[in-house]
Structures are given as structure tokens and as C-alpha cells.
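Participant:
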Amino acid sequence: MPTTILVWFKNDLRLHDNETWYRACQQADWVIPLYVFDPRQFAHHKLGFPRSGSFRTQFLIESVTALQEKLMQAGSNLIVRFGLPEFIIPEICTENKVSHVFIGSEVASEEVSILNSLTRALGSKKVGVQTFDTSTLIHPNHLPFALANLPNQFTLFRKQVERNWIVQPLFEEPEIKSLPQLEPGTIPNLKELVLPAITPDLRSVITYKGGEAEAHQRLKEYIWDKDLLKVYKETRNELIGPDYSSKFSPALALGCISARSIYYEVKKYEFDRVSNESTYWLIFELLWRDYFRFASQKYGSRIFQRFGISNKHINWKHDLEKFNAWRLGKTGVDFVDANMKELLLTGFMSNRGRQNVASYLTKDLGIDWRWGAAWFESQLIDYDACSNWLNWAYVAGVGNDPRQDRYFNIESQVRKYDPDRLYMKLWIGKQEF
Ligand SMILES: Cc1cc2nc3c(=O)[nH]c(=O)nc-3n(C[C@H](O)[C@H](O)[C@H](O)COP(=O)(O)OP(=O)(O)OC[C@H]3O[C@@H](n4cnc5c(N)ncnc54)[C@H](O)[C@@H]3O)c2cc1C
Numbered sequence: 126m127p128t129t130i131l132v133w134f135k136n137d138l139r140l141h142d143n144e145t146w147y148r149a150c151q152q153a154d155w156v157i158p159l160y161v162f163d164p165r166q167f168a169h170h171k172l173g174f175p176r177s178g179s180f181r182t183q184f185l186i187e188s189v190t191a192l193q194e195k196l197m198q199a200g201s202n203l204i205v206r207f208g209l210p211e212f213i214i215p216e217i218c219t220e221n222k223v224s225h226v227f228i229g230s231e232v233a234s235e236e237v238s239i240l241n242s243l244t245r246a247l248g249s250k251k252v253g254v255q256t257f258d259t260s261t262l263i264h265p266n267h268l269p270f271a272l273a274n275l276p277n278q279f280t281l282f283r284k285q286v287e288r289n290w291i292v293q294p295l296f297e298e299p300e301i302k303s304l305p306q307l308e309p310g311t312i313p314n315l316k317e318l319v320l321p322a323i324t325p326d327l328r329s330v331i332t333y334k335g336g337e338a339e340a341h342q343r344l345k346e347y348i349w350d351k352d353l354l355k356v357y358k359e360t361r362n363e364l365i366g367p368d369y370s371s372k373f374s375p376a377l378a379l380g381c382i383s384a385r386s387i388y389y390e391v392k393k394y395e396f397d398r399v400s401n402e403s404t405y406w407l408i409f410e411l412l413w414r415d416y417f418r419f420a421s422q423k424y425g426s427r428i429f430q431r432f433g434i435s436n437k438h439i440n441w442k443h444d445l446e447k448f449n450a451w452r453l454g455k456t457g458v459d460f461v462d463a464n465m466k467e468l469l470l471t472g473f474m475s476n477r478g479r480q481n482v483a484s485y486l487t488k489d490l491g492i493d494w495r496w497g498a499a500w501f502e503s504q505l506i507d508y509d510a511c512s513n514w515l516n517w518a519y520v521a522g523v524g525n526d527p528r529q530d531r532y533f534n535i536e537s538q539v540r541k542y543d544p545d546r547l548y549m550k551l552w553i554g555k556q557e558f
């Protein structure tokens, strides 16, 4: 009897360097590629905004569409459903005599709990589940310590990892296997997901769409065509335009490209053109991303809790009026407002901006950091549970920052990073000065 494997795509929307996909195509006669739009992702937060807002959702729709088109070109398809995966997937498995479901591994607590429910439901039908670690640069099996011993500070983690680098080779795109007869379903649009339409903003710094080909094109453009990698460390704290930093984060968040693909491209650039502090620094930042993912796995649901992973008891305020003023870029503090407007109107904000607005909300206004993280979750097109919540906790002083008293003085930040006020002029206009 032919073997059928179902691949549940989630935040790994690519065919290249995707071990989940690679192994399924190697082992099965038939492969069912599936994406499920889960209504919980689009539900409203108690603060009144959707968990996944229009910008983030649009990037997701584009990425899923691109994956579907790529599969169709190869004679397969992406099956799309809307509903709860823990119910939908077992049904598809029964109808199509699926022997195994292959999935990219999860670390954030909500996703882990959905995966556990699914595994139980499939277990009762004698369908096996296998997960693969496809997200990080360093495979968890190659960490020089057990996860329970993950250092509480990034620097300690980095030094140990760097002492014995192992970056797994890339998985090539396998030959695509046929798909059984299945109703393909349709990819919903923003309107169907009850989300407002997007008005494109010419000031947006994200110049590419969702999808694997677009992500690789951005990689090529940033590293090779524009030759920007060699100056990354000097430009990464700037605020205007597509090129001060890589802008790989939206593609990484949905797995349209793997961290390893970026790593090997950097290595190639170092060999062919130049190897300097900047080329090292991009990898250094990818290690931050890894660190937050491993820390999320270690701390589980604590990363979302009020006192954070450091269990520091801070009496956070819950002032909705001030929070909404912050959220909509109406605090009266120009630099904060400019950044919050950029986020509101484009779904992106620079790392420098994120640090400042998060510090302002938590340290100047004393407002619960989880409210800020929830707004970022809704707005950011590069939203990633681990990077978002642990960066927020870090800035709020309840995470793994060895300096718990870190504070961003907005005036001195403006003097350093927007001395001619060009960024503020761009986002809040001259008349507001
Ligand atoms: C409060 C706050 C919330 C954040 N939320 C997110 C989020 O939801 N998703 C997200 O991807 N990043 C988040 N970041 C980290 C960082 O701001 C973004 O990764 C970065 O701005 C993305 O732009 P880039 O791709 O041009 O980054 P680059 O500077 O070009 O860096 C290259 C890559 O390294 C990784 N990286 C860089 N800085 C960090 C960091 N501090 N933490 C983790 N990974 C990093 C990203 O994958 C990024 O794409 C947050 C930072 C703060 C302070």
C-alpha cells in the first residue's frame, strides 16, 4: 500500500532547506501539503484589536499564496483550510489514509498545546507525528549544553556556541511527490478575515512581499547587488529606508527563508568579497534570534507572564487612555510618536525604534509591558512570539538583561540617532514640531 504523509506548514513556508518537507518527500509515495488558517490567530485581544492585524496577515496571505503557486508549478498543490487544526488534520488523515503527519517543531506555549492536542487526536487514530527543528541557525541537537542549562544571559550562550560552531548543511529542495485527490480550498483575503484593507504607504521600509522567492531576492539584493552587508554594523541603528538593516525579519518570521540559508550566503560573501565586523554582526543578530527561541522553550508560558522570566514584581499600571495614545502615536513625544506611526501605517519599526518605544511605555509611563507586546503582536509583519515577548521583557526589566535598570533617554537617543530630526519629520510632519 502506498505511504501518505501530511506536511502541516506553519511558520516554515518554504520548500528549500526545510527538513520537514524534505523528509516527507523522501519517505512517502504521496505527500499532502497543508496550511490551516486558525481563527484563534485572528480573534480579538481583550484590548480591542485583532491578534493578527492587516499588515501581518497580508504578509502571511502573500507567503501562503507563493507557496501554493510554487507547489502547483511542480504538479502538486497546497491544501488550504480554515478552522482548528487539531480537528481538521485528523479528518484529512482518516479520509486519505495518512500514516504520518510531519510538522516543524513549536516552542511557544499556545502552539505547543495545540500540537499536543493534535498528537493525542492522531494517536487515537494510529497516525504518527514527527516534528523537525527547522527554525534556528544552530540545531538544538548541536547546542553545547542541555536546554535546561541554557545560560540566562545571551553573552554566555553566544560564547559557548561560538567555541564549537556547528551549522547544519542546507536541505536541497526534494523532488515533489504527488498529491491525492483533495478539495484544495481557498486562501482567505483580508475582508474574509474581517480585517481592514491596507493603504500602501510610500514611506514603508519593507520593499518585498511575502514568499520564498521574494525572500531570496531580498537576500541577493541586500548582500550582493547593493553590497550592504559590509557596512551593516555601521548602518543598523539608522531609521529611514530599506537598506540600513537587512529587513530579513518578516521572511524569517514565517520561514520563507531559513536562518541557515542566510548564514551560508554571508559565509560566501566573506569568502568572495569581504569579511569584517559587519559580516560577523549579522550572524551575531541571528544568534540573538536563536537565543530567544531556546529561552522560550526553556521557560514555557513564563515568557508571557506579568513578572516575566526574572519573576521581578513590578506594579504595572493599566491606564488604557495613555496606552491608546502610545499605540496611535499621540503621546506628544515626537520620537515615540514617529515610531508608533510608522508601525501603525506600515507594520514595521526599526530595532532602535522598538527599544525606545518599549522603554517609554514601560519605564516612563509604567504601563504593563504585556500590553505593548500584544500591540506589537497585532501590528508587526515580522511578529515572532519568542523574539517579540522576550525582547519586550528584556526592555521592561523582567527578562534576561543582566542590566535590569536599562533605560532609553529619548532626548539623548534623538541627539544620537535622529540629530537632524529627519525621521520625525518623515512620520509626523513639520507642522507638528
Ligand atoms: C520590543 C521589541 C520587539 C521585537 N519584536 C520582534 C519580533 O516580533 N520579531 C522579530 O523578528 N524581531 C523582533 N525584535 C528584534 C528586532 O527589532 C528585529 O528583528 C529587527 O528590527 C528586524 O529588522 P531586520 O531584519 O532589518 O534586522 P537586522 O538588524 O538586519 O538583523 C538580522 C536578523 O537578526 C535577527 N535579530 C536582530 N535583532 C534581533 C533581536 N533583538 N532579537 C531577536 N532577533 C534579532 C532578526 O531575525 C533579523 O532579521 C524586537 C525588538 C524589540 C526591542
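So the sequence shown is numbered by the working numbering: it starts at 126 and just counts up by one. Glycine residues also receive a C-beta, built at the ideal position from the N, C-alpha and C atoms.
1. Under the criterion of a Cβ to heavy atom distance below 7 Å, does Q480 qualify as lining ligand 1?
2. Is L468 a contact residue of ligand 1, with contact defined as CB to any heavy atom under 7 Å?
3. Hey, how far is the Cα of N476 from the Cα of D493?
4. Under three-state DSSP, which class holds G497?
5. Taking 8 Å as the cut-off, decide whether the C-beta atoms of R181 and G472 are in contact.
6. Using 8 Å as the threshold, is the region 442-450 in touch with the region 147-166, meaning 3 or more CB pairs across them?
7. Which of helix, strand or coil does DSSP assign to H567?
8. Is it the case that the region 403-412 contacts the region 203-215, given that we only count it when at least three CB pairs across the two stretches are under 8 Å?
9. DSSP state of H443, grouped into three classes?
10. Comparing C-alpha positions only, which one of I439, P375, R531 and F134 sits nearest to S512?
11. What did DSSP end up calling Q293 once you bin it into helix, strand or coil?
12. On the three-state DSSP scale, how would you describe L354?
13. Provide the residue(s) that pair with L159 in DSSP beta bridges, ordered along the chain.
14. What residue does the beta strand (DSSP E) around T256 start on, and which one ends it?
15. Taking L412 as the reference, give the member of T280, L307 and K195 with the closest Cα.
16. For ligand 1, I want to know if L192 counts as a neighbour, meaning its beta carbon is within less than 7 Å of at least one of the ligand's heavy atoms.
17. To the nearest angstrom, how far is it from the Cα of F558 to the Cα of K541?
18. Counting pairs of beta carbons, one from the region 216-234 and one from the region 131-148, are three or more of them closer than 8 Å?
19. Can you tell me which residues form a DSSP beta bridge with F227?
20. Going by DSSP, what residues sit across from S303 in a beta bridge?
21. May I ask whether a heavy atom of ligand 1 can be found less than 7 Å away from the beta carbon of S329?
22. Which residues in the same chain have their Cβ closer than 6 Å to the Cβ of Q285, if we skip the five residues on either side of it in sequence?
23. Based on Cα-Cα distance, which residue from R139, L203 and K195 lies nearest to T311?
24. Can you give the Cα-Cα distance for K437 and S242, rounded to whole angstroms?
25. For K222, which residues in the same chain have their Cβ closer than 7 Å to its Cβ, ignoring the five residues on either side in sequence?
26. Using only the alpha-carbon positions, how far apart do G497 and Q422 sit?
27. Could you tell me how far apart the beta carbons of P367 and V330 are, in whole angstroms, since I believe they sit closer than 8 Å?
28. Measure the C-alpha to C-alpha separation of V252 and A149 and round it to an integer number of angstroms.
29. Can you tell which of R418, H341, E287 and E220 has the C-alpha that lies nearest to the C-alpha of S573?
30. Please confirm whether G524 and I434 have their CB atoms less than 8 Å apart.
31. Between D397 and I348, what straight-line distance do the alpha-carbon atoms span, to the nearest angstrom?
32. Please report the distance separating the alpha-carbon of R139 from that of E536.
33. Taking the DSSP output, what are the residues bridged to I492?
34. Assign P175 to one of three DSSP states: helix, strand, or coil.
35. Just mark Q556 as buried or exposed, buried being the case when its beta carbon has 16 or more other beta carbons within 10 Å.
Facilitator: According to the structure data:
1. Here the question's residue 480 lines up with position 355 in the sequence shown. For Q480, the CB falls within less than 7 Å of some heavy atom of ligand 1.
2. Against the sequence shown, residue 468 aligns to sequence position 343. For ligand 1, not one heavy atom lies less than 7 Å from the Cβ of L468.
3. Position 351 of the sequence shown, counted from the start, is the residue given in the question as residue 476. Position 368 of the sequence shown, counted from the start, is the residue given in the question as residue 493. Approximately 20 Å between the Cα atoms of the pair.
4. Here residue 497 refers to the residue found at position 372 when the sequence shown is read from its first residue. Note: G497 maps to helix in three-state DSSP.
5. Numbered from its first residue, the sequence shown carries residue 181 at position 56. Numbered from its first residue, the sequence shown carries residue 472 at position 347. Against a cut-off of 8 Å, the Cβ pair of G472 and R181 comes out as a contact.
6. Flag = no, the region 442-450 and the region 147-166 do not touch.
7. Outside the modelled stretch of the chain, which goes from 126 to 558, sits residue 567, for which no answer is possible.
8. Result no; under three Cβ-Cβ pairs closer than 8 Å.
9. By 1-based counting over the sequence shown, the position of residue 443 is 318. Secondary structure of H443 (DSSP, three-state): coil.
10. For the purposes of this step, residue 512 is taken as the residue at position 387 of the sequence shown. With distances taken between Cα atoms, S512 lies closest to P375.
11. On the sequence shown, position 168 is the one that residue 293 refers to. Here Q293 sits in coil by DSSP.
12. As a first step, residue 354 is located in the sequence shown; it is residue number 229 there, counting from the start. It is helical.
13. Reading the sequence shown from its first residue, position 34 is the one you call residue 159. Beta-bridge partners of L159 (DSSP): W133 and I204.
14. Residue numbering aside, residue 256 sits at position 131 when the sequence shown is read from its first letter. Membership of T256 in the beta strand (DSSP E) is indicated by the continuous run G253 to F257.
15. Residue mapping note: residue 412 aligns to position 287 of the sequence shown, counting from 1. Sorting T280, L307 and K195 by C-alpha distance to the C-alpha of L412 places T280 at the top.
16. Counting from 1 along the sequence shown, the entry for residue 192 is found at position 67. Not under cutoff, so the answer is no.
17. Indexing the sequence shown from 1 puts residue 558 at position 433. Indexing the sequence shown from 1 puts residue 541 at position 416. Bear in mind that the predicted position of F558 carries a pLDDT of just 37, short of 50, making it unreliable; the figure below should be weighed with that in mind. The alpha-carbon separation between F558 and K541 amounts to approximately 19 Å.
18. Touching, yes.
19. For the purposes of this step, residue 227 is identified with residue 102 of the sequence shown, where counting begins at 1. V132 and Q255, per the DSSP bridge assignment.
20. Within the sequence shown, the letter at position 178 stands for residue 303. S303 pairs with W155.
21. In the sequence shown, the residue the question calls residue 329 occupies position 204. Result no, Cβ not under 7 Å from ligand 1.
22. Along the sequence shown, one-based indexing puts residue 285 at 160. Cβ neighbours of Q285 beyond the five flanking positions: P269.
23. Stepping through the sequence shown from its first residue, residue 311 is reached at position 186. Comparing Cα-Cα distances from T311 to each of R139, L203 and K195, the minimum goes to L203.
24. In the sequence shown, residue 437 corresponds to position 312, counting from 1. In the sequence shown, residue 242 corresponds to position 117, counting from 1. K437 and S242: Cα-Cα distance of roughly 32 Å.
25. As a first step, residue 222 is located in the sequence shown; it is residue number 97 there, counting from the start. The answer, listed in chain order, is T129.
26. Indexing the sequence shown from 1 puts residue 497 at position 372. Indexing the sequence shown from 1 puts residue 422 at position 297. Roughly 22 Å separates the two Cα atoms.
27. Indexing the sequence shown from 1 puts residue 367 at position 242. Indexing the sequence shown from 1 puts residue 330 at position 205. That pair is a contact at about 5 Å.
28. Along the sequence shown, one-based indexing puts residue 252 at 127. Along the sequence shown, one-based indexing puts residue 149 at 24. Between V252 and A149, the C-alpha separation is close to 14 Å.
29. Because the chain here runs from 126 to 558, residue 573 falls outside it and cannot be looked at.
30. Residue numbering aside, residue 524 sits at position 399 when the sequence shown is read from its first letter. Residue numbering aside, residue 434 sits at position 309 when the sequence shown is read from its first letter. Result yes, Cβ atoms of G524 and I434 sit closer than 8 Å.
31. One-based indexing of the sequence shown puts residue 397 at position 272. One-based indexing of the sequence shown puts residue 348 at position 223. Between D397 and I348, the C-alpha separation is close to 12 Å.
32. Along the sequence shown, one-based indexing puts residue 139 at 14. Along the sequence shown, one-based indexing puts residue 536 at 411. R139 and E536 have their alpha carbons spaced roughly 43 Å apart.
33. Here residue 492 is taken as the residue at index 367 of the sequence shown, counted from 1. DSSP, once it has assigned bridges, lists K442 as partnering I492.
34. Position 50 of the sequence shown, counted from the first residue, corresponds to residue 175. It is a strand residue.
35. Here residue 556 refers to the residue found at position 431 when the sequence shown is read from its first residue. Bear in mind that a pLDDT of 42 at Q556, under 50, signals an unreliable position, so the number given afterwards is only what the model happens to contain. Its Cβ having fewer than 16 others within 10 Å, Q556 is exposed.
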